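Residue 5 in my numbering is what sits at position 5 of the sequence shown, and the numbering runs on without skipping anything. The beta-carbon is built from N, C-alpha and C at its ideal position, and this holds for glycine as well. What you are looking at is a predicted structure, and each value in this text was computed from that prediction instead of being measured. First up is the structure itself, then whatever we jot down about it.
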Amino acid sequence: MENNINNMDIKDFRGVMGNFIAGVTVVTLPGDPPHGITVNSFTSVSLEPTLISICLDHNSEAYKRLKEGMNDTFCINILAADQKWIGEYFANMGEAEENPFEESITKVLPTGSLYFENSIAYVDCSLYDNVEEGDHTVYMGKVKDAKLLRSEAEVLTYFRGKWGSV
């Protein structure tokens, strides 16, 4: 696939970006049923006000839910290495025996958002702003709550197309 603006091959660009090690998160959205998506484009934006950002593909269900106003809250779960199966499940990369939401491993926050109790940490947010560019939208969340749950656990990572940990 060729990008006509700068004549750069998209495959080459993806290869370059794959050399940036990223932590793995699952963003959960409340609802009936709840929804989750694996995201590695997560970062802090501001301390005052306390803001974070995530990037969502326009083909994703999470994007549709936020765009159509079905959700105005979401929770970022920073995954531990032993939660790789959850990351794979929500990235549609693996076959889990059970839906993580159907397990007894989720807890509900006052905002209605869900977090996985064995995650490294969670960051619960309300939708603050968004910037739609190309095939993704950058969503900014205003942090309502954040908690470190397992400081001793190894963090799940993704690097050069492979899962890892640090």
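With respect to V26, F90 sits close: the two C-beta atoms are nearer than 8 Å.
By the criterion of a C-beta distance shorter than 7 Å, V166 is surrounded in its chain by E154, V155 and T157, once the five residues flanking it on both sides are discounted. I54 has F42 and Y139 as its beta-bridge partners, per DSSP.
Pairwise C-beta distances place the stretch 21–35 in contact with the stretch 66–84, as three or more of them are shorter than 8 Å. Looking from the CA of I37, the closest CA among S46, F13, E88 and T43 belongs to E88. As computed with DSSP, Y122 is found in a beta bridge with N77 and K147.
Under the DSSP assignment, V16 falls in the alpha helix (DSSP H) whose first and last residues are I10 to M17. CA-CA distance, P100 to D12, rounds to 34 Å.
Distances from the CA of T137 to each of L66, N19 and T28 were compared; the closest alpha carbon is that of L66.
For a cut-off of 8 Å, the C-beta gap from D72 to S113 is around 10 Å, too long to register as a contact. Shortest Cα-Cα distance from L109 to any of I86, S60, D124 and L56 involves D124. Scanning its chain for C-beta atoms nearer than 7 Å, with the 5 sequence neighbours on each side dropped, one finds around A62 the residues V27, L29, H35, I37 and L56, in chain order.
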